[in-house]
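Participant: Please see the structure below; I have some questions.
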Amino acid sequence: MSSSRAVVAGDAVRRARAVAECEEWEFVASFHCQQVAEIDRSDEVLLTKELARREVTLELAQALRITEHRVWAMVHEAATIRQKVPGIWSSFRAGDIDAGRVSAIADTAERLETPEARAALEASAPAYAASHTLTELRAWLRRLRARLEPDQTQTEITQAVEERRVSITHNDDGTSWLNALLPTGVAVAVGERLRRAAKALPPTDPDTGERDRRTRDQKHADLVGHWLTSCTGTATDIRAEIAISIPATDLVGHTSGPGITLDGEPVAAAWVRELATSEHTILRRLVLDPLGHVLDTEVLTYRPPERLRQALRWRDGSCRVAGCRAPVHDTDLDHAQAYDAGGSTSGSNLRCLCRKHHNMKSHGHLDDRHLDTPLRHVERYAMAPV
């Protein structure tokens, strides 16, 4: 089967599955609503009515071979979508988006507080949901909400940060989990410092000359253990350098939209401003103009210098192939138009591809239709009147 036929056939299967899921949701929501309405009209006492409602949920769950919790989620999410963003339900019925994506959108619709924000979600979510993975959609929804309702998002962040903590869970095999709930910006900095420190470790033991055979994950775990148990700290002066993309208007405080971390997570503009003004800052800013263009554009010769390489990593955030979440530090810089065919070494002609997809492209099995737009751009949403 040719790739074009596979795409057409796959799209038909995807749409058929989504339509079937929508029919299931409509049945569950309709049956539940009708039965509950009859119960509510009865003369039974409140406790009896509540138990009868639970029986309806149980009957649906057993009929569909799903949990009672899932039945309740279908009913609640269907009501949320139909009442707050009905255009999403139309896309669901048409097979454009499936149940998993509808659930994610329903969660965001439930959290949005203003009709204008919900209208922006309704207008922009179907196209994005139809062309991206569920993981990408969830990250996009977090960014969307942080952009549409920054004050409410900041309030929730402030409350969530109050719950920061560390816990230890012991396993039966002599290992334990060390879990830390941290602000996103701090967690990103910790991860980046670990990556840099692990990369800086010598390949051989300086005392014995033996080769270091530890995996990257093992090095990360050893470094964390060393940092937390050493009285004097690590012998290497490795500092974290994290990428935060933020429009200049947000950085100076004229607007209050979020910054975006390298892996696409929103962080509060107030936190970015505080970090940017610190004399001990670990942040280097990638500032965007109102159109989303990187201000420091460079067009250079064949091998890009580190400054351009860093800017491209910040721009792309991960492998550029749609649906691939390979970390950007595990990618190669690929010339869209080959250098020996006249392609320039510039931001417009370079993109990050993981090794697997880079090899596919080099051998003619990957082209631009497989790529997504760079993560590092300003996403804008029209606040439609309601």
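Counting in the numbering used here, the sequence shown runs from -1 upward without gaps. Don't be surprised by glycine CBs; every beta carbon is placed ideally from N, CA and C.
(1) Which of the three DSSP states is assigned to residue 130 in this structure?
(2) So, for residue 86: in the same chain, excluding its five sequence neighbours on each side, which residues have a beta-carbon less than 7 Å away from its beta-carbon?
(3) Distance check for residue 162 and residue 109, CA to CA, integer angstroms please.
(4) Counting C-beta neighbours from all protein chains within 10 Å, is the total for residue 356 16 or more, i.e. buried, or is it exposed?
(5) Mapping DSSP to helix, strand and coil, what is residue 289?
(6) Looking at residue 351: is its Cβ nearer than 8 Å to the Cβ of residue 326?
(7) Roughly how many angstroms separate the alpha carbons of residue 51 and residue 258, rounded to a whole number?
(8) Would you call the region 176 to 196 and the region 215 to 222 touching, i.e. three or more CB-CB distances under 8 Å?
(9) Can you tell me whether residue 305 is buried or exposed, with buried defined as 16 or more other CB within 10 angstroms of its CB?
(10) CA-CA distance, residue 347 and residue 21?
(11) Do the CB positions of residue 95 and residue 89 come within less than 8 Å of each other?
(12) Tell me whether residue 259 sits in a helix, a strand or coil according to DSSP, three-state version.
(13) If distances are taken between C-alpha atoms only, which option among 184, 166, 182 comes closest to residue 176?
(14) Let me confirm a value: residue 314 is counted as buried when at least 16 other C-beta atoms fall within 10 Å, else exposed. Which label applies?
(15) Under DSSP, the beta strand (DSSP E) around residue 170 begins and ends at which residues?
(16) Would you call residue 11 buried or exposed, if buried means 16 or more other Cβ atoms sit within 10 Å of its Cβ?
(17) Straight-line CA distance for residue 150 to residue 361?
(18) Taking C-beta to C-beta, are residue 135 and residue 126 nearer than 8 Å?
(19) Work out the CA separation of residue 19 and residue 183 for me, nearest whole Å.
(20) For residue 224, report the span of its alpha helix (DSSP H) as first-last.
(21) On the premise that residue 353 lies in contact with residue 330, defined as a C-beta separation below 8 Å, what is that separation, rounded to the nearest angstrom?
(22) Is it buried or exposed for residue 206, if we count other Cβ within 10 angstroms and need 16 for buried?
(23) For residue 230 and residue 186, I'd like the C-alpha separation in whole angstroms.
(24) Does the separation of the CB atoms of residue 395 and residue 26 fall below 8 Å?
(25) Using the C-alpha atoms, what's the distance from residue 208 back to residue 328?
(26) Count the other C-beta atoms from every protein chain shown that fall within 10 angstroms of the C-beta of residue 6, then say buried if there are 16 or more, exposed otherwise.
(27) Express the C-alpha separation of residue 210 and residue 200 in angstroms, rounding to a whole number.
(28) Determine the direct distance from the alpha carbon of residue 74 to that of residue 68, and round the result to whole angstroms.
(29) Mind checking residue 190: buried by the 16 CB within 10 Å criterion, or exposed?
(30) May I ask which residues mark the beginning and end of the beta strand (DSSP E) holding residue 252?
(31) CA-CA distance, residue 83 and residue 63?
(32) Please return the same chain residues whose Cβ sits closer than 7 Å to the Cβ of residue 317, not counting the five positions on each side in sequence.
Facilitator: Straight from the coordinates:
(1) coil
(2) 79, 100, 103, 120, 123, 124
(3) 22 Å
(4) buried
(5) No answer about residue 289 holds up, because its pLDDT of 47 lies below 50 and its placement is not dependable.
(6) no
(7) 44 Å
(8) yes
(9) exposed
(10) 45 Å
(11) yes
(12) strand
(13) 166
(14) buried
(15) From DSSP, residue 170 is part of no beta strand (DSSP E); its letter is neither H nor E.
(16) exposed
(17) 49 Å
(18) yes
(19) 37 Å
(20) 214 to 227
(21) 6 Å
(22) exposed
(23) Any reading at residue 230 is ruled out, since the residue's pLDDT is 47, under 50, leaving its predicted position unreliable.
(24) Here the chain covers residues -1 to 384 and nothing more, so residue 395 does not appear.
(25) 26 Å
(26) exposed
(27) 8 Å
(28) 10 Å
(29) buried
(30) Unbroken run through residue 252: none, as it is neither H nor E.
(31) 29 Å
(32) 324, 329, 350, 351, 352, 355
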